[in-house]
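Working notes, beginning with the structure itself.
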Ligand code: DON
């Protein structure tokens, strides 16, 4: 029978509607409660009750649609979630150069449908020539060399990490999964307004270095509608595809990178590249009200800080209602305590002994939770920490048609990293060195005040906040794949999406759109998104001693959640651009 196109569209919409988020009273499956409606404060910029993207078989959520499509192509060609995640990672390096990268590093948490869980740490390390005080001026004050320019980069881990994850858990070759990225770099893609605006806002930063000819022809950001080709990047990617990660760490790409960095006054050497190794780690396995979480251990603080926060909250049989002063106070106070530990105790485990078991234990959370006074905010010891905005890492969540899941967060730190674009290899270098405590006790770019544990040492990984997380429901079935960009706000935003789903039973669309709060111990301020508090909640919080600071946006999350009949995906509504889910 032949059907008209409109009939087919109507039928497929009907089929999709029949298998969407369960309605009131229905559940996602045994053990997972039904979603409930939520109302956001009047004046909040996003409405509740929106639709998420839906895929019956698989779902990919990233910050960039073409990159998500790269993963889609790989799954359709028979690849699994790890194959797809690596394809997305390389494609983001092409289509989302503000954060996607091969000049930076990241963390990937994997949970295979057969129950295996793994975490790979491909964080940058400090070059061998780095030293504790390399970013201090003659009077001991931090310079901005850890943020901008050739000396700001750690040794990139992205290529090694993605290749290693693929070799262990993927099913395809590196060359196969890199094809979409190579094509996008070689043949080009059309500049959209999000990319244009991102370049426009970074103009002063980037025009100082060699990216100006590529990204600002005639001194202006690439116009919307331009076909943007990156032949040098296509060449680097092709070398990696054909020779493996060796091309980057001990071959033509690495040689060109080191030469360009040396010309600019950087300290990264061939020896640094040759020595780089990603590390397989045991994921942090937390539990919250019967749900199981797999998240990232050090060198990221993400998994410990998220788990510590949730453990504190779990000591209350039920959290206060979402949107109330009581809830924001409890959550903010838990974050404050988790960040006090984070900032002092967490660091690269190869250099510092991190008490992971203690910090993630329920007993320890009981002790910390007892220090939270529900009637009064408790102070963090004062310090002049500042807070800076930032959305410039990128997280992607992938679930394939067999139920394998991958949560990956990757970064070059600041938007466009150190601003150093290497024309001979075609990519930006990271400024991850700023994630160290470059001046212990003094705030870094994100206002984080960190201490000796995270001081610079050669070969050491700088502490991260990246929190790629996979959540299983009480029956042990995959429920949620989530993570974020946003510096320290990664921890708070990721955990709030999880709490919105588990405690507040929001749909994924609402959980992602709900206003977010943030507390990082120092500055001792409860940060709230503009319009994110009702007047009553704000008054209630001030009355118990909170200093509130309104900020434009908190973090950039991309998440996938199981619903009846398939998967929902939501890419960050706060981010500009088309967003990037891709599904079937
Ligand atoms: O690893 C970290 O925690 C940071 N380098 C992440 C930076 C980030 O999210 C930038 N965007 N705000």
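In our numbering, the protein residues as written are 470 to 1053. C-beta: ideal position from N, C-alpha, C; glycine also.
query, result
"Close beta carbons around residue 1003, own chain, < 7 Å, minus the five adjacent residues each side", "510 and 792"
"Residue closest to residue 585, alpha-carbon to alpha-carbon, out of 888, 1049, 947 and 870", "947"
"Residue 1013: CB within 8 Å of a non-hydrogen atom of the ligand DON", "no"
"Boundaries (first-last residue) of the alpha helix (DSSP H) holding residue 773", "771-783"
"Residue 724 Cβ short of 8 Å to the ligand DON heavy atom set", "no"
"In DSSP terms, what residue 986 is bridged to", "997"
"Beta-carbon proximity of residue 1022 to residue 531, cut-off 9 Å", "no"
"Proximity below 9 Å, CB of residue 769 to CB of residue 896", "no"
"Nearest-angstrom beta carbon gap, residue 550 and residue 869 [assumed within contact, 8 Å]", "4 Å"
"Beta-bridge partners of residue 953, as assigned by DSSP", "1026"
"Beta carbon of residue 872 nearer than 9 Å to that of residue 513", "no"
"Ranges of the alpha helix (DSSP H) found wholly within the segment 785-871, counting only runs of at least 4", "794-814, 825-828 and 831-839"
"Inter-residue spacing [alpha-carbon to alpha-carbon] between residue 719 and residue 739", "7 Å"
"Any non-hydrogen atom of the ligand DON within 8 Å of residue 769 CB", "yes"
"Exposure label - residue 723; buried when at least 16 CB within 10 Å", "buried"
"Separation of residue 898 from residue 745, as counted between CA atoms", "16 Å"
"Closer than 8 Å: residue 861 CB and nearest the ligand DON heavy atom", "yes"
"Inter-stretch contact at 8 Å, needing at least 3 Cβ pairs: the segment 526-545 / the segment 620-635", "no"
"Touch test, the segment 560-569 against the segment 928-941, Cβ-Cβ under 8 Å, three pairs minimum", "no"
"Separation of residue 654 from residue 714, as counted between CA atoms", "18 Å"
"Every unbroken beta strand (DSSP E) within the segment 500-540, with a cutoff of 3 residues, ordered by chain", "522-524 and 528-531"
"Other residues of its chain near residue 989: CB distance less than 6 Å, five sequence neighbours each side excluded", "808 and 957"
"Own chain partners of residue 674 with C-beta closer than 6 Å, once the 5 adjacent residues on each side are dropped", "888"
"Residue 1065 Cβ short of 8 Å to the ligand DON heavy atom set", "As shown, the chain starts at 470 and ends at 1053. That puts residue 1065 outside it, with no answer to give."
"Euclidean distance between Cα positions of residue 1030 and residue 604", "42 Å"
"Beta-carbon proximity list for residue 1015, same chain, < 6 Å, skipping 5 on both sides", "846 and 995"
"Own chain residues within Cβ distance below 7 Å of residue 910, not counting five before or after", "918 and 920"
"Three CB pairs or more closer than 8 Å across the segment 960-971 and the segment 777-790", "yes"
"As assigned by DSSP and simplified to three states, the class of residue 557", "helix"
"Buried or exposed by the 16-neighbour rule on C-beta atoms within 10 Å, applied to residue 535", "buried"
"Cα-Cα separation between residue 502 and residue 926, rounded to whole angstroms", "48 Å"
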